[in-house]
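Chemist: What follows is a single structure, and I will ask about it in a moment.
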Ligand SMILES: [Zn+2]
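What follows is the structure, given as C-alpha cells:
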C-alpha cells in the first residue's frame, strides 16, 4: 500500500474535495514516479551493460511493475475509492452506514481490479520502450557505450509517465468513489449532480462549457461530443479525462440549484 497519509474531508464540499484530491494525487504521483523511474533505470542500465542480460532486464520491468500494481497500487486505489465514497455517508445517521460501507468496499475492489488491467499494459509499454532504447547497446565488448544523456532522458521519461499515472489514478479512484458512494446510499443519496470546472487557463473548453450543467444523479453530462457520468468517467475518451481537475457538486432535496430553483424530493420512492 502506498501511504497517502491524508485524512478525507468530512463533507462533499467542492473546495475541500478539490484540496483533498489534489493532495492525495500529488502524493500518489510522487510515489509512482519514483517506482517507475527506478524500475526503468535499473532495467536500462542492466540491459545496456550486457547483451545477455537484455531480454531478462527488459521483461523484469513488466513483471516488477505488475507486482507493484497488484501488491501496492491497486490496494491503495481500492482504499481510496471506498474512503472517497464514505465521505457522503456523514449526511445521515443510520445503521445502514455499515451495509453501505461493505458494499462500497466491494465496489472499490472491483474498481481496483479494472484499473489493474489497464495499469499492467503500462508495464508492457515500458518494457517495449527499454527494449527499443537499448537496442544497439549492450555490446560493451565491442566498445559501444550508452551515451550518458540517453540514460537520463529515459529515466526522466519514466518518472514523468509514473507521475501522470499516479495523478490520474488518484483522481479516478476519488471521483468514481464519491459518486459510487452516493449511489450506494440509494434514496438517501444525492438526487442531482452539477459539473464544476476549475476555471483557469488550463481548463479545456469542453469542461468550461460543462461547468454548472446539472443533471439527475443517474444521467449523463454532455461534455463536448461525449456523454459522461462525471469527471474521470472511465468510459469517456482519454482527452476528456487526462489531467481533469473538475468536481461534482451533489444536490439533495431542498438544495438550491445555480439558477435559483430548488431540488424537489423524488416522488418515485420513499425517503
Ligand atoms: Zn475537467
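Residue numbers (this note's numbering): 406 to 676. Ideal Cβ positions, reconstructed from N, Cα and C, are used throughout, including at glycine.
One question on the structure: do residue 539 and residue 637 come within less than 8 Å of each other, judged by their Cβ atoms?
Modeler: Along the chain shown, one-based indexing puts residue 539 at 134. Along the chain shown, one-based indexing puts residue 637 at 232. The answer is no: Cβ separation not under 8 Å.
Chemist: Any idea what DSSP makes of residue 409, helix, strand or coil?
Modeler: Against the chain shown, residue 409 aligns to sequence position 4. The three-state reading of DSSP puts residue 409 in coil, since its state is none of H, G, I, E or B.
Chemist: Whose CB is closer than 5 Å to a heavy atom of ligand 2? List the residues in chain order.
Modeler: In the structure shown, ligand 2 is absent; the only ligands present are ligand 1.
Chemist: Taking contact to mean at least 3 C-beta pairs separated by less than 8 Å, is the region 561-581 in contact with the region 424-433?
Modeler: yes
Chemist: Would the region 458-473 and the region 587-597 be scored as touching if the rule is three or more Cβ pairs under 8 Å?
Modeler: no
Chemist: Could you tell me which uninterrupted alpha helix (DSSP H) segments, each at least 4 residues in length, are contained entirely in the region 564-637, listed from first to last along the chain?
Modeler: Complete alpha helix (DSSP H) runs here, min 4: 610-615.
Chemist: What residues in its chain sit with their C-beta under 7 Å from that of residue 601, if we drop five residues either side in the sequence?
Modeler: Along the chain shown, read from residue 1 onward, the residue named residue 601 stands at position 196. Cβ neighbours of residue 601 beyond the five flanking positions: 419, 616, 651, 652, 653, 654.
Chemist: So, using beta-carbon positions, are residue 441 and residue 564 closer together than 8 Å?
Modeler: Residue 441 sits at position 36 when you count from the first residue of the chain shown. Residue 564 sits at position 159 when you count from the first residue of the chain shown. Against a cut-off of 8 Å, the Cβ pair of residue 564 and residue 441 comes out as a contact.
Chemist: Going along the chain, which residues of its own chain have a beta-carbon closer than 6 Å to the beta-carbon of residue 473, five neighbours each way excluded?
Modeler: Translated into positions along the chain shown, residue 473 becomes position 68. 440, listed in sequence order.
Chemist: If you run the structure through DSSP and keep just helix, strand and coil, what is residue 650?
Modeler: Along the chain shown, one-based indexing puts residue 650 at 245. Secondary structure of residue 650 (DSSP, three-state): coil.
Chemist: Just grab the DSSP bridge partners of residue 667 for me.
Modeler: Here residue 667 refers to the residue found at position 262 when the chain shown is read from its first residue. Beta-bridge pairing links residue 667 to 661.
Chemist: In the structure shown, what three-state DSSP assignment does residue 523 receive?
Modeler: Here residue 523 corresponds to residue number 118 of the chain shown, with the count starting at 1. Three-state result, residue 523: helix.
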